[in-house]
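Trainee:
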Amino acid sequence: ATNLATGLTKTRKTWSQRWNEFMANFRSVDEDFFEDLEETLIKADVGAETAFKLTEELRQEAKLENAKSRDEVSRLVVEKLVAHYQTQGIGEDASMHFAPAGPTVILFVGVNGVGKTTTIGKLAARYKGEGKKVLLAAADTFRAGATQQLQEWGKRDGVEVIAGAAKADPASVVYDGVRAAIAQQADILFVDTAGRLQNNVNLMQELEKMKRIISRELPNEPSEVLLVLDATTGQNALQQAKLFKNSTDVTGIVLTKLDGTAKGGIVLPIRNELHLPVKWVGLGEQVGDLQPFAADDFAKSLFG
Ligand code: GDP
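Residues are numbered in the UniProt record's numbering as their position in the sequence shown, beginning at 1, plus a constant of 85.
1) Assuming residue 365 and residue 353 make a contact with CB atoms under 8 Å, what is their CB distance in whole Å?
2) Can you round the beta-carbon distance between residue 190 and residue 246 to whole angstroms, since I take them to be within the 8 Å contact cut?
3) If you reduce the DSSP assignment to three classes, tell me which class residue 175 lands in.
4) Quick check: does the Cβ of residue 374 come within less than 7 Å of any heavy atom belonging to the ligand GDP?
5) State the DSSP-derived secondary structure class of residue 315, mapped to helix, strand or coil.
6) Three or more C-beta pairs closer than 8 Å, one from the region 139-147 and one from the region 322-335: is that the case here?
7) Given this structure, state the Cα-to-Cα distance separating residue 257 from residue 302, to the nearest angstrom.
8) With a threshold of 16 other CB atoms inside 10 Å of the CB of residue 106, please say whether the residue is buried or exposed.
9) Within the same chain, show all residues whose beta-carbon is closer than 8 Å to that of residue 194, passing over the 5 residues directly before and after it, in chain order.
10) Quick check on this structure: which residue in 192, 166, 165, 92 has the alpha carbon closest to the alpha carbon of residue 300?
11) Consider the C-beta atom of residue 234 and the heavy atoms of the ligand GDP; say whether any pair is separated by less than 7 Å.
12) Below 8 Å between beta carbons: does that hold for residue 58 and residue 235?
13) Pair every Cβ in the region 338-356 with every Cβ in the region 88-99, then say whether three or more of these pairs are closer than 8 Å.
14) What does the Cβ neighbour count give for residue 272, buried or exposed, with the cut at 16 atoms within 10 Å?
15) Inspect the beta-carbon positions of residue 226 and residue 266 and report whether they are closer than 8 Å.
16) Please report the Cβ distance between residue 390 and residue 210, rounded to the nearest whole angstrom; I am assuming they are in contact, meaning their Cβ atoms lie under 8 Å.
17) Given a cut-off of 8 Å, decide if residue 320 and residue 198 are closer than it, judged by their beta-carbon atoms.
18) Under 7 Å Cβ to Cβ from residue 176, same chain only, skipping five residues before and after it: list those, please.
19) Quick one: residues in its chain with C-beta nearer than 8 Å to the C-beta of residue 305, no 5 flanking neighbours on either side, listed in chain order?
20) Just to confirm my understanding: we take residue 97, look at its own chain, exclude 5 residues before and 5 after, and list those with CB closer than 7 Å. What are they?
21) Specify the secondary structure class of residue 376 as computed by DSSP and reduced to three states.
22) Checking 8 Å against the spacing of the C-beta atoms, do residue 350 and residue 179 come in under that value?
23) Answer with buried or exposed for residue 315, where buried requires no fewer than 16 other C-beta atoms within 10 angstroms of its C-beta.
24) Given a cut-off of 8 Å, decide if residue 244 and residue 213 are closer than it, judged by their beta-carbon atoms.
25) Could you check what DSSP says for residue 161 in three-state terms: helix, strand or coil?
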């Protein structure tokens, strides 16, 4: 299994390279310094809004602490970045929520190819390993091969997959999945959905329909609606998150493919601008390559 430090190698290399270049040009703590800093942060994918906020805070702090030397100001910037990674934002809760009794339903949303099916496969193995009875529902009935791919994960993990016919109504698969979870007294039902973004209204209606069907059978479910985002798409992922957040009540983020990108910086705007907790990070294609997100470890991996 890939750990966080290894998975973040690319992000860390790029961060430190940019940071060293930036500091190599240091002359004094003046307005040019802060402008360059803001630009450096934007290039590191922290997003314009977050870069602005961070730079503002640093201006204040540098003044307060009368930081003048290269080392003093460098320490302040690193401290501030770490603090921002660690800050528990509004409603932030990185743990998974489970029903106090009966099956917990967790819905996975996100556009095609971001890693929903893979994440479900990894999580199913993890929770099965903890002794939980896990079922999977293949409600992505639109993408050819999606059901089959989930079934392959099911076989690998030794967990049952509830599926429908090709092009079946995703809601009917969700219904079958929920009924099976109740009948089999399963602990967790993971639902793989189709993430089509062509039409915002459609997406919203489809997700709401699924949620309605779930909560009719199991009040208070789904416990989680996890939005899966592909870290390699950087700022695009942020745009997707805004769209999904407007379409449904997203409860958390799974950030995949951090291993293949230097864009790990987008964790910051996800937390600061969307106020959504990152709950899991994907660090590879294998079953063990998924880690719960821990802000401290993340910050340490970046700067350590
Ligand atoms: P879905 O369409 O959202 O269900 O996406 P898939 O689960 O089919 O994943 C799309 C591709 O991304 C597959 O080739 C996966 O192996 C790959 N993938 C998923 N998560 C990760 C990850 O964390 N790291 C890497 N490197 N690849 C991943």
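Using N, Cα and C, we set each Cβ at its ideal position, and we do this for glycine too.
Mentor: With the given structure in hand:
1) No, residue 365 and residue 353 are not in contact; Cβ-Cβ is about 17 Å, not under 8 Å.
2) About 15 Å separates the two Cβ atoms, so there is no contact after all.
3) With a pLDDT of 37 at residue 175, under the threshold of 50, the modelled position of this residue cannot be trusted; read the value that follows with caution. Coil.
4) Yes - the ligand GDP has a heavy atom lying nearer than 7 Å to the Cβ of residue 374.
5) Strand, per DSSP.
6) Three or more beta-carbon pairs separated by less than 8 Å are not found between the region 139-147 and the region 322-335, which leaves the two stretches without contact.
7) Looking at the two C-alpha atoms, the distance is approximately 13 Å.
8) Exposed, by the Cβ-count rule.
9) Scanning its chain for C-beta atoms nearer than 8 Å, with the 5 sequence neighbours on each side dropped, one finds around residue 194 the residues 201, 278, 280, 292, 310, 311, 312, 313, 329, 333, 335, in chain order.
10) The residue from 192, 166, 165, 92 with its alpha-carbon nearest to that of residue 300 is 192.
11) Yes.
12) Any property of residue 58 remains undetermined from this structure, which presents the chain solely from 86 to 389.
13) Yes, since at least three Cβ pairs between the region 338-356 and the region 88-99 fall closer than 8 Å, the two stretches touch.
14) With 16 or more Cβ atoms within 10 Å of its Cβ, residue 272 is classed as buried.
15) Against a cut-off of 8 Å, the Cβ pair of residue 266 and residue 226 comes out as no contact.
16) Given that the chain is displayed from residue 86 to residue 389, the structure contains no residue 390 and the question cannot be resolved.
17) Taking 8 Å as the cut-off, the beta carbon of residue 198 is found no closer than this to the beta carbon of residue 320.
18) At residue 176 the pLDDT is 42, less than 50, meaning the model places this residue with poor confidence; the figure from the coordinates comes in the next sentence. The beta carbon of residue 176 sits closer than 7 Å to those of 360, all from its chain and outside the five residues before and after it, given in chain order.
19) Around residue 305, the same chain offers 184 as residues with beta carbons nearer than 8 Å, after the five sequence neighbours per side are excluded.
20) Leaving aside the five residues that flank residue 97 on each side, the residues in its chain whose CB is nearer than 7 Å to its CB run, in chain order, 386, 387.
21) Correct three-state label for residue 376: strand.
22) No, Cβ-Cβ distance for residue 350 and residue 179 is not below 8 Å.
23) Classification for residue 315: buried.
24) In contact: residue 213 and residue 244 (Cβ atoms closer than 8 Å).
25) Under the three-state reduction of DSSP output, residue 161 falls in the helix class.
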